[in-house]
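Heads up, the final residue of the sequence shown is numbered 237 in the numbering used here, and it's a clean run with no missing numbers. Ideal Cβ placement from N, Cα and C applies to all residues, glycine included. Down below is the structure, laid out as structure tokens.
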Amino acid sequence: MNETQVKQVVARAITAANIESWKYYHVCWWEGKLQCLHVHHTKEHHPAFYAASGYVFTDGLSVHQWRIVTDRVMEFCRTRGIQLPSGSTRRGAKKRGGAFAEKPKISEFDSVRLRKLLASGRSPGSPSSTDLERLQRLLESAETVPPENVPADVVTMNSQVRLKDEETNTEMTLSLVFPADALRDTDLEKINVSVLTPIGLSILGRRIGDTVEGRIRVHDVLYQPEAAGDYHL
Numbered sequence: 005m006n007e008t009q010v011k012q013v014v015a016r017a018i019t020a021a022n023i024e025s026w027k028y029y030h031v032c033w034w035e036g037k038l039q040c041l042h043v044h045h046t047k048e049h050h051p052a053f054y055a056a057s058g059y060v061f062t063d064g065l066s067v068h069q070w071r072i073v074t075d076r077v078m079e080f081c082r083t084r085g086i087q088l089p090s091g092s093t094r095r096g097a098k099k100r101g102g103a104f105a106e107k108p109k110i111s112e113f114d115s116v117r118l119r120k121l122l123a124s125g126r127s128p129g130s131p132s133s134t135d136l137e138r139l140q141r142l143l144e145s146a147e148t149v150p151p152e153n154v155p156a157d158v159v160t161m162n163s164q165v166r167l168k169d170e171e172t173n174t175e176m177t178l179s180l181v182f183p184a185d186a187l188r189d190t191d192l193e194k195i196n197v198s199v200l201t202p203i204g205l206s207i208l209g210r211r212i213g214d215t216v217e218g219r220i221r222v223h224d225v226l227y228q229p230e231a232a233g234d235y236h237l
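Structure below.
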């Protein structure tokens, strides 16, 4: 198995875990498969590849942390002749008509972080209640899927997207980010749009070919973390 495939299996194990942020968990080999479990789930000795607080797993592993996990898992599987189950195969993106033919798709990792954003946002100085309520409705209506099962033509968090205004025939390229990242970026050549904006809420979970805001079409997804195997973004 290659590194991307191992990352997919680890990501699936993490998203399947019922993680509480204040407890500690580890990625381990237990009952014949790779799992993410509470560090005290058993007193039996068994292979463990990476341990951290729930905050680390729910916020997303860093590039360095992913490297540690994947290297250890790959070495474990190599020395024992274990073949991990692979994720689904991605197919090329297809453009569709303007009407929404299906529910928006949101990755489990994005869903966890967006729900945390909702919880922290209901305080003085937070984004408008209208934006938060719209995000909540979106999360409730969306289809939540494992990161490795997100189609490559879906707009996820930290995706770079090209939009086209059908009325003016103009295009714009932007990245869909969390509010803090939209405020932090000072690169004038790079447009970061917060998910808590009308356009951000409109494109999240939508696919190439979908039309939002009445005239804005999702023309292309230039970069998607899940398609690139960047499950920490």
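Pair within 9 Å by beta-carbon distance, L121 and L200: Position 117 of the sequence shown, counting from 1, holds the residue named residue 121. Position 196 of the sequence shown, counting from 1, holds the residue named residue 200. It is a contact, given that the beta carbons lie within the stated cut-off.
Residues bridged to M176 [DSSP beta-bridge criterion]: Taking the first residue of the sequence shown as 1, we reach residue 176 at position 172. For M176, which the question treats as bridged, DSSP gives the partners L167.
Beta carbon of R210 nearer than 9 Å to that of P108: What you label residue 210 is simply residue 206 of the sequence shown in a count that begins at 1. What you label residue 108 is simply residue 104 of the sequence shown in a count that begins at 1. Cβ atoms of R210 and P108: closer than 9 Å.
Rounded separation between A97 and P155 - CA only: Mapped onto the sequence shown, residue 97 falls at position 93. Mapped onto the sequence shown, residue 155 falls at position 151. Residue confidence for A97 is low, a pLDDT of 41 falling below 50, so the modelled location carries little weight; the figure read from the coordinates is stated next. Here the alpha carbons of P155 and A97 stand approximately 8 Å from one another.
Three-state class that DSSP yields for W70 in the structure shown: For this step, residue 70 is matched to residue 66 along the sequence shown. In the structure shown, W70 falls within a helical segment according to DSSP collapsed to helix, strand and coil.
Beta-carbon proximity check, Q228 vs V158, cutoff 9 Å: Taking the first residue of the sequence shown as position 1, residue 228 is located at position 224. Taking the first residue of the sequence shown as position 1, residue 158 is located at position 154. In contact: Q228 and V158 (Cβ atoms closer than 9 Å).
Residue(s) in a DSSP beta bridge with A56: Locating residue 56 in the sequence shown gives position 52, counting from the first residue. In the DSSP output, where bridge partners are listed per residue, A56 has Y29.
Residues that Q39 bridges to, as DSSP identifies them: On the sequence shown, position 35 is the one that residue 39 refers to. For Q39, which the question treats as bridged, DSSP gives the partners C32.
For I23, the three-state DSSP class (helix, strand or coil): Within the sequence shown, residue 23 is the residue found at index 19, counting from 1. Coil at I23, not helix or strand.
Extent of the continuous alpha helix (DSSP H) to which D114 belongs: Translated into positions along the sequence shown, residue 114 becomes position 110. Run containing D114: 112-125, per the alpha helix (DSSP H) assignment.
Beta-carbon gap between V31 and A55 smaller than 9 Å: Indexing the sequence shown from 1 puts residue 31 at position 27. Indexing the sequence shown from 1 puts residue 55 at position 51. Result yes, Cβ atoms of V31 and A55 sit closer than 9 Å.
Whole-Å CB distance - N196 paired with A186, under 8 Å assumed: Here residue 196 refers to the residue found at position 192 when the sequence shown is read from its first residue. Here residue 186 refers to the residue found at position 182 when the sequence shown is read from its first residue. Rounded to the nearest angstrom, the Cβ distance from N196 to A186 is 5 Å, consistent with a contact under 8 Å.
Other residues of its chain near T8: CB distance less than 6 Å, five sequence neighbours each side excluded: Along the sequence shown, read from residue 1 onward, the residue named residue 8 stands at position 4. Cβ neighbours of T8 beyond the five flanking positions: G233.
Simplified DSSP state of V13, which is helix, strand or coil: Along the sequence shown, one-based indexing puts residue 13 at 9. Here V13 sits in helix by DSSP.
Limits of the alpha helix (DSSP H) - the one that I207 falls within: As a working mapping, residue 207 is identified with position 203 in the sequence shown. Under the DSSP assignment, I207 falls in the alpha helix (DSSP H) whose first and last residues are 202-207.
Closest by C-alpha distance to R84, when choosing among I203, A21, W33, G125: Here residue 84 is taken as the residue at index 80 of the sequence shown, counted from 1. When each option's Cα is compared against that of R84, the closest is W33.
L226 (DSSP reduced to helix, strand or coil): Translated into positions along the sequence shown, residue 226 becomes position 222. In the structure shown, L226 adopts extended strand secondary structure according to DSSP, grouped into three states.
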